[in-house]
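Colleague:
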Amino acid sequence: MSGVAGTLAGLIEDEATRQPDAVALIDDAGSLTFAELDQLVRASAALINDLLGPGVSVAVLGPNHRTWVSLYYAVPAAGRTLVFLNHRLHASELLSMIERSDAGIVIGDPLELDRLRDAGAELPMFDWQTWSDLVDGMTDPPALSKSDPSVPAWLLFTSGTTAAPKGAMLTHASILAAVEASSGARPVEADDVYMFPFPLCHVAGYNVVHRHAHGRPVVLMSGFAASEFCDTVERERATSTSLAATMLATLVELIESEPHRLTQLQSLRSIAYGAAPMPTPLLRRADELLGVDFAQGYGMTELSGNAVFLNAEAHRRGLSGEAGLLEAAGTPAPGVDLRLVNDAGEDVAHGEVGEILIRAAQVMQGYLDDPAATDAALRDGWLHTGDMGRIVDGWLHVVDRKKDIIITGGENVSSLEVEAALLDHPSVARVAVVGVPDPKWGENVCAVIVATPGSEIVSADLVAFVRQRLAGFKVPRHIVFVDELPVTGSGKVVKAQLRQRLSENPELIGKRH
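If you read the sequence shown in the UniProt record's numbering, its first letter stands for residue 1, the second for the next number, and so on.
1. From what residue to what residue does the alpha helix (DSSP H) around HIS210 run?
2. State buried or exposed for GLU122, treating a residue as buried only when at least 16 other CB atoms are found within 10 Å of its CB.
3. Please look up how many angstroms separate the CB atoms of GLY104 and SER57, rounded, as I've assumed it's under 8 Å.
4. CA-CA distance, PHE294 and GLU352?
5. Taking the straight line between their C-alpha atoms, what separation do you get for PHE84 and PHE157?
6. Among LEU170, ILE98, THR33 and ALA35, which has the Cα closest to the Cα of PRO76?
7. Take GLU411 and list the residues in its own chain whose beta-carbon comes closer than 7 Å to its own, dropping the five residues that flank it on each side.
8. Using beta-carbon positions only, say whether LEU52 and ARG80 come within less than 9 Å of one another.
9. Could you check what DSSP says for TRP441 in three-state terms: helix, strand or coil?
10. Could you compute how far the alpha carbon of GLU13 sits from the alpha carbon of CYS446?
11. When DSSP labels each residue in this structure, what does ALA163 get in the three-state scheme?
12. Give the single residue among ALA361, ASP369, GLU112 and TRP395 whose Cα lies nearest to the Cα of ALA178.
13. Which residues does DSSP pair with LEU156 in a beta bridge?
14. My output table needs one value for ALA177: the three-state DSSP class, helix, strand or coil.
15. Taking only runs that begin and end inside the segment 365–435, name each unbroken beta strand (DSSP E) of 3 or more residues, in chain order.
16. For VAL292, which residues in the same chain have their Cβ closer than 7 Å to its Cβ, ignoring the five residues on either side in sequence?
17. Quick one, are the C-beta atoms of LEU383 and GLU302 less than 9 Å apart?
18. Do LEU61 and VAL106 come within 9 Å of each other at the CB atom, strictly closer than that value?
19. Does the separation of the CB atoms of LEU338 and LEU325 fall below 9 Å?
20. Taking the alpha-carbon of ALA59 as reference, which of VAL428, VAL209, ASP28 and SER96 has the nearest alpha-carbon?
21. Give the straight-line distance between the Cα atoms of VAL413 and LEU155, rounded to the nearest whole angstrom.
22. On the CB-based measure, 16 or more other CB atoms within 10 Å of its CB, does ILE356 come out buried or exposed?
23. With a threshold of 6 Å on Cβ separation, who are the neighbours of GLU112 within its own chain once the five nearest residues in sequence on each side are excluded?
24. With H, G and I counted as helix, E and B as strand and the rest as coil, what does DSSP make of GLU507?
25. If you draw a straight line from the C-alpha of LEU265 to the C-alpha of GLY345, how long is it?
26. Rounded to a whole number of angstroms, what is the C-alpha to C-alpha distance between ALA328 and HIS397?
27. The beta strand (DSSP E) that contains ILE48, what's its start and end?
28. From ASP127 to TRP68, what does the alpha carbon distance come to, in whole angstroms?
29. For PHE481, which residues in the same chain have their Cβ closer than 7 Å to its Cβ, ignoring the five residues on either side in sequence?
30. Could you give the distance in angstroms between the alpha-carbon of ALA312 and the alpha-carbon of GLY184?
31. Return the bridge partner residues of GLN296 from the DSSP annotation.
32. Measuring alpha carbon to alpha carbon, tell me which of GLY274, ARG66, HIS513 and ASP118 ends up nearest VAL218.
33. What does the Cβ neighbour count give for GLY160, buried or exposed, with the cut at 16 atoms within 10 Å?
34. In angstroms with no decimal places, state the Cα-to-Cα distance between ILE358 and LYS403.
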């Protein structure tokens with residue numbers, strides 16, 4: 001993974017030299033070789049520099065598309081920052097991000113660009129086809145210049161699980177360090193064909209770079225649907241993929257209802273997961289059905305990807321009965337330092353809960369135009385993740401987001417622990433646990449539940465079920481049933497939206513159990 005001066009586009013240039021005819025990308029439109037992708041990257045970078053003055057960034061907006069992938073490399077190759085815009089956001093939010101990032105143009109899906117125009121956007125915009133035609137006109141693009149690896153290559157706004165999204169600045173160096181960390185924990189096999197079902201606007205896109213760094217093809221899905229996933233694995237003979245818990249649950253449900261789907265997945269050898277905790281019962285069901293290797297990655301946007309891994313061998317031990325392993329996030333990748341600290345910044349004792357701090361080359365450069373937030377997150381070289389965890393027998397266990405700890409009657413309750421207990425109940429398909437205000441206790445534990453299709457479920461039964469497993473103060477005092485949970489494109493439940501919905505509609509909470 002050398003590349004031109006350790007840059008993103010340099011990876012593609014290296015592979016185009018080493019194996020020009022090898023396939024780099026497969027999508028609904030066909031395939032691109034590394035030589036073709038390299039040509040796209042160089043032509044796009046030249047076009048960007050023709051269109052924009054120095055220092056102006058480029059935004060991209062829309063569902064997954066091959067142009068997205070080429071811009072991963074092309075915009076940084078032009079010495080600029082690629083601004084990732086999430087098409088699920090409101091137009092007013094997108095306009096704010098465009099303004100904050102000093103984007104000079106937006107490239108994307110025509111319908112999404114129309115939304116921006118309707119909301120008052122006035123900057124130049126190019127839809128996928130128009131941009132592709134312009135790039136095709138750059139018949140003899142120059143060789144790539146040596147970009148500064150410390151310059152922000154990607155700008156991603158935090159996923160929305162916090163109230164105000166912040167722009168995390170990721171450099172060539174930090175992204176490539178995340179790729180290196182994944183390469184050590186999840187080795188890429190020589191015949192790997194990787195399926196990517198996540199939105200490219202999320203940091204999960206570093207997995208695309210990870211595969212390209214090893215000269216392997218990426219099968220780009222336009223979105224995740226379990227039936228389409230099975231069809232595509234069969235057609236492309238995919239060997240590996242990454243899935244969120246919600247995706248894996250949907251896939252398992254499809255296979256259980258349509259067993260013939262299993263034959264379509266015979267080439268699949270490994271599934272990586274992250275973004276949100278994987279319920280152990282679901283993992284066991286998936287293992288029994290699929291018989292593949294599993295690997296978990298713990299990370300975040302501010303880490304340019306994943307930094308802590310539970311590898312396939314650890315999963316095999318956990319699935320064979322080794323206590324506690326399947327609930328662990330894993331161990332730090334080589335080159336990643338980990339600490340757990342209390343509110344005073346002091347290291348906690350082994351087994352005690354503390355905030356997870358990480359020091360590594362893959363840590364972001366900082367937050368865009370937000371020195372206060374940057375100083376709060378990056379202190380003395382350590383990223384303060386906002387996650388709470390404990391170390392047990394050398395394994396990191398993520399207890400909860402610091403802000404998602406529920407304090408009831410002076411006791412701290414991990415929402416993840418309560419969720420795990422509820423997911424053991426066969427009638428609970430998905431669940432999110434949040435705190436709701438209570439004049440006596442400060443907060444009460446509230447479980448928001450999506451029931452298993454066809455099940456008959458009673459709140460009191462669930463309360464009794466949890467009471468048999470957890471301390472009394474951890475038992476949900478309120479049960480709310482919903483058809484679906486609000487999630488980000490990467491599969492994380494947006495608990496801030498749940499809290500807001502419950503606050504605005506207190507009648508949903510109902511009586512206290």
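Note that CB positions come from ideal geometry on N, CA and C, so glycine has one too.
As the structure is a prediction and not an experimental result, all values here were calculated from the model.
Modeller: Looking at the atomic coordinates:
1. Along the sequence shown, one-based indexing puts residue 210 at 210. Here the alpha helix (DSSP H) through HIS210 covers 206–213.
2. Translated into the one-based positions of the sequence shown, residue 122 becomes position 122. By the neighbour-count rule (16 or more Cβ atoms within 10 Å), GLU122 is not buried but exposed.
3. In the sequence shown, the residue the question calls residue 104 occupies position 104. In the sequence shown, the residue the question calls residue 57 occupies position 57. That belief holds up - the Cβ atoms of GLY104 and SER57 are roughly 7 Å apart, short of 8 Å.
4. Residue numbering aside, residue 294 sits at position 294 when the sequence shown is read from its first letter. Residue numbering aside, residue 352 sits at position 352 when the sequence shown is read from its first letter. Going by the C-alpha atoms only, they are around 28 Å apart.
5. As a first step, residue 84 is located in the sequence shown; it is residue number 84 there, counting from the start. As a first step, residue 157 is located in the sequence shown; it is residue number 157 there, counting from the start. Cα-Cα distance, rounded: 7 Å.
6. Here residue 76 is taken as the residue at index 76 of the sequence shown, counted from 1. Checked all of LEU170, ILE98, THR33 and ALA35; the closest Cα to PRO76 is LEU170.
7. Locating residue 411 in the sequence shown gives position 411, where the first residue counts as 1. So the list reads PHE473, once near-sequence residues are dropped.
8. Translated into the one-based positions of the sequence shown, residue 52 becomes position 52. Translated into the one-based positions of the sequence shown, residue 80 becomes position 80. Closer than 9 Å, so yes.
9. Your numbering for residue 441 matches position 441 in the sequence shown. TRP441 falls in the coil class under three-state DSSP.
10. Your numbering for residue 13 matches position 13 in the sequence shown. Your numbering for residue 446 matches position 446 in the sequence shown. The straight-line gap from Cα to Cα measures roughly 52 Å.
11. Sequence index remark: in the sequence shown, residue 163 carries index 163 (1-based). Any answer about ALA163 is weak, because its pLDDT of 46 lies below 50 and its placement is not dependable; what the coordinates show is given next. Coil at ALA163, not helix or strand.
12. The sequence position of residue 178 within the sequence shown is 178, counting from 1. Nearest C-alpha to ALA178: ALA361.
13. By one-based count along the sequence shown, residue 156 stands at place 156. Paired residues: PHE84 and ALA168.
14. As a working note, residue 177 is residue 177 in the sequence shown. Here ALA177 sits in helix by DSSP.
15. 382–392, 395–401, 406–408 and 411–413
16. Residue mapping note: residue 292 aligns to position 292 of the sequence shown, counting from 1. Correct list, in chain order: LEU268, ARG269, SER270 and ILE271.
17. To locate residue 383, count along the sequence shown from 1; it is residue 383. To locate residue 302, count along the sequence shown from 1; it is residue 302. Yes. Within cutoff.
18. Translated into positions along the sequence shown, residue 106 becomes position 106. Translated into positions along the sequence shown, residue 61 becomes position 61. A contact, by the Cβ cut-off of 9 Å.
19. Counting from one through the sequence shown, the residue named residue 338 turns up at place 338. Counting from one through the sequence shown, the residue named residue 325 turns up at place 325. Not a contact, by the Cβ cut-off of 9 Å.
20. Locating residue 59 in the sequence shown gives position 59, counting from the first residue. If we check each option's Cα against that of ALA59, SER96 comes out closest.
21. As a first step, residue 413 must be located in the sequence shown, where it is residue number 413. As a first step, residue 155 must be located in the sequence shown, where it is residue number 155. If I take the Cα positions, the gap works out to 34 Å.
22. Position 356 of the sequence shown, counted from the start, is the residue given in the question as residue 356. Buried, by the Cβ-count rule.
23. To locate residue 112, count along the sequence shown from 1; it is residue 112. So the qualifying residues of the chain are LEU61, GLY62 and HIS87.
24. The residue labelled residue 507 in the question sits at position 507 within the sequence shown. If DSSP states are grouped into helix, strand and coil, GLU507 belongs with the helices.
25. Position 265 of the sequence shown holds residue 265. Position 345 of the sequence shown holds residue 345. Taking the straight line joining both Cα atoms gives about 48 Å.
26. Taking the sequence shown and counting its residues from 1, the one referred to as residue 328 is at position 328. Taking the sequence shown and counting its residues from 1, the one referred to as residue 397 is at position 397. The alpha-carbon atoms of ALA328 and HIS397 are separated by roughly 5 Å.
27. Taking the sequence shown and counting its residues from 1, the one referred to as residue 48 is at position 48. Per DSSP, ILE48 belongs to no beta strand (DSSP E); it is in the alpha helix (DSSP H), 34–51.
28. For this step, residue 127 is matched to residue 127 along the sequence shown. For this step, residue 68 is matched to residue 68 along the sequence shown. Their Cα atoms are separated by approximately 11 Å.
29. The residue you call residue 481 lines up with position 481 of the sequence shown. These residues qualify, in order along the chain: ILE449 and ALA451.
30. On the sequence shown, residue 312 is found 312 positions in, with the first residue counted as 1. On the sequence shown, residue 184 is found 184 positions in, with the first residue counted as 1. Cα to Cα, ALA312 sits roughly 12 Å from GLY184.
31. On the sequence shown, residue 296 is found 296 positions in, with the first residue counted as 1. The partner list for GLN296 (beta bridge, DSSP) reads TYR273 and LEU310.
32. For the purposes of this step, residue 218 is taken as residue 218 along the sequence shown, with counting starting at 1. Checking every option, the nearest Cα to that of VAL218 belongs to ARG66.
33. Locating residue 160 in the sequence shown gives position 160, counting from the first residue. At GLY160 the pLDDT is 44, less than 50, meaning the model places this residue with poor confidence and gives no usable figure here.
34. The sequence position of residue 358 within the sequence shown is 358, counting from 1. The sequence position of residue 403 within the sequence shown is 403, counting from 1. Their Cα atoms are separated by approximately 18 Å.
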